[in-house]
Structure formats: C-alpha cells, structure tokens
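Reminder that position 172 of the sequence shown reads as 172 in the UniProt record's numbering, one-by-one numbering, no gaps.
This report concerns only the one structure given below.
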Amino acid sequence: MDYGLLLHLAAPMMSFGTHSAFTIRDTHSRPTRSALIGLCAAALGLPRDADLTDLRQLRFTIRADRPGQQQSDFHTAGGGYAAARTIPSADGGRKKPFVATVITHRHYLADAAFTVAVTGPADMIDEVAAALDQPRYPLYAGRRAFPLAGPILIARVPDPNQELIRLPLHRDAQPWETEVTVEYASDQPTTHTARTLLADEPVSFEPLNRTHQERPEYVTTRTHPANQCAGYGTDWISAVATYRSTLETL
C-alpha cells in the first residue's frame, strides 16, 4: 500500500507546455510532471536552481474531473514604443520600432479540474503536504497569470490511487446519465493503458538552463457512477467535506 496525498487543481485557465518556448506556447491536456513538481518546489520555497532529485521521486496519477476546453490567445508585446523603450536585442542594443513587436500564440485549458494522487517516500510526502498547506510562494496553474481556485491539498491517505476512484468528481452529470467516463494518466504503468512519451521530466528549472527529459505516460479511462458527480462550487466542497469525514487520514 502506498502512502501519499490527494491534490486538486482547478482554475478558470491553466496551461502546461511540453515543447514550446517562443512564439507558439502549447499546452498539454492535463498537468505535466514538470508542472506538478514545480508546484511542490514553489510550495517548499525552493530556488529555481535547486536540486530536484528528491522531488523527482514523487509519482503522480491524474484524474481528469473536467478536461476543459483548449483555447488560444493572440499576444503582442513591445510594439508602439519609442526606440529607447523597445525590446532589448541579443547584441545589447534595442530593436527598431518597426520590427519591435513580438507576436505569440498562447494555448490554454479553460474551466478544467484535475484530481491528483501523489505517492513517494514518507518523509518527502510529509514535507510536501506541510508546504502545500502553507506554501512559501504563490501557486498557479502553469502560468503566473493563472491562479488556482481553492486549496490544493485534500488529504493525506494510506492509498491515494485507490481513493482517487472514490473521491467525488468535480463536475455535473446529465440527468439521463447513469455512468460517466473519466480519463486517468499516470507516470507508472497500470493495466489496459496506452503508452506515450512526454518530454516533461524536469532536470533543472534554472532560467538559463531549463532542462527536461522524456518519460512514459500511461493513459486509460474508467467509468464512474453518475451520482459520484458532485457538481460545482459549494456543492462540490460539501461533497469533499463529507468524503473527508470517512477517510482514514494520516
């Protein structure tokens, strides 16, 4: 039995890039390992050049309560300024006003919610749980402009992957539905999963040496009874409170 945490990430907008850095900023369909480890590092107050060896021992299974909708924004930056105020260039000068505008396309998830089971060494789990309860730095959903809606830490539990199946879903069900299909993704293989490769294993968050490695991602679906859908807002919060009262917490 694994000892670990149940986390919940919900926000009006989220973004979890996997291979973009310049004009086109993509997003994955769910939180990446880089995003989740970065979230823990921020809560712990670690600097960007910190050694990530301990945090990389954590394992995540993600349940897509609401996968959200992928949308995109068209951004411009640096246009309309006098020459002395345009964007700096690599040679130490300034870009000329007529070429100073930087254009980017930024993709994000709208109205998404994810529940995450976290497992790992007991001392690391305890340290991360305490930090998420009282984070040192502000926590956000992939970008600083995307704050998270509500507390992240739901509970410390003996078997978070099993509890992930029981925890109320942060979504509605249609009146005619008796079951709903929910997608799960994990960095560890389980039965009946599809395997893909994702370049989101963080090696360093250092701004000038940000490095990631490829790792396998395992995706599957599971059906849940429609009455496990707890709705939104206070309805969902009340359902989680009721669920917590039944837990054998640690």
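Don't be surprised by glycine CBs; every beta carbon is placed ideally from N, CA and C.
Are residue i and residue j touching if we call contact CB-CB under 8 Å?
i, j, result
"residue 219", "residue 199", "no"
"residue 14", "residue 146", "yes"
"residue 4", "residue 119", "yes"
"residue 230", "residue 168", "yes"
"residue 62", "residue 155", "no"
"residue 105", "residue 74", "yes"
CB-CB under 8 Å to residue i, same chain, minus the five flanking residues each way: which ones, in chain order?
i, result
"residue 136", "42, 43, 44, 45"
Please state the DSSP three-state secondary structure of residue i.
i, result
"residue 237", "helix"
"residue 152", "coil"
"residue 250", "Here residue 250 scores only 49 on pLDDT, less than 50, and its place in the model should not be relied on; the value that follows carries that caveat. Here residue 250 sits in coil by DSSP."
"residue 139", "coil"
"residue 29", "coil"
"residue 4", "strand"
"residue 106", "strand"
"residue 54", "coil"
"residue 177", "coil"
"residue 14", "strand"
"residue 194", "strand"
Quick one: what's residue i bridged to in DSSP?
i, result
"residue 212", "202"
"residue 66", "113"
"residue 72", "107"
Out of the options, state which residue places its alpha-carbon closest to the alpha-carbon of residue i.
i, options, result
"residue 159", "125, 207, 134", "125"
"residue 117", "164, 37, 151", "164"
"residue 252", "150, 228, 178, 223", "Since the first residue shown for the chain is 1 and the last is 250, residue 252 is missing from the structure and cannot be characterised."
"residue 182", "113, 140, 131, 104", "113"
"residue 142", "166, 108, 245, 232", "108"
"residue 30", "91, 47, 9, 52", "9"
If I measure Cβ to Cβ from residue i and keep anything under 6 Å in the same chain, skipping five residues before and after, which residues do I get?
i, result
"residue 196", "217"
"residue 12", "none"
"residue 49", "206"
Within its chain, find whatever has a CB closer than 7 Å to the CB of residue i; leave out the 5 residues flanking it on each side and keep chain order.
i, result
"residue 54", "124"
"residue 236", "168, 170, 230"
"residue 122", "3"
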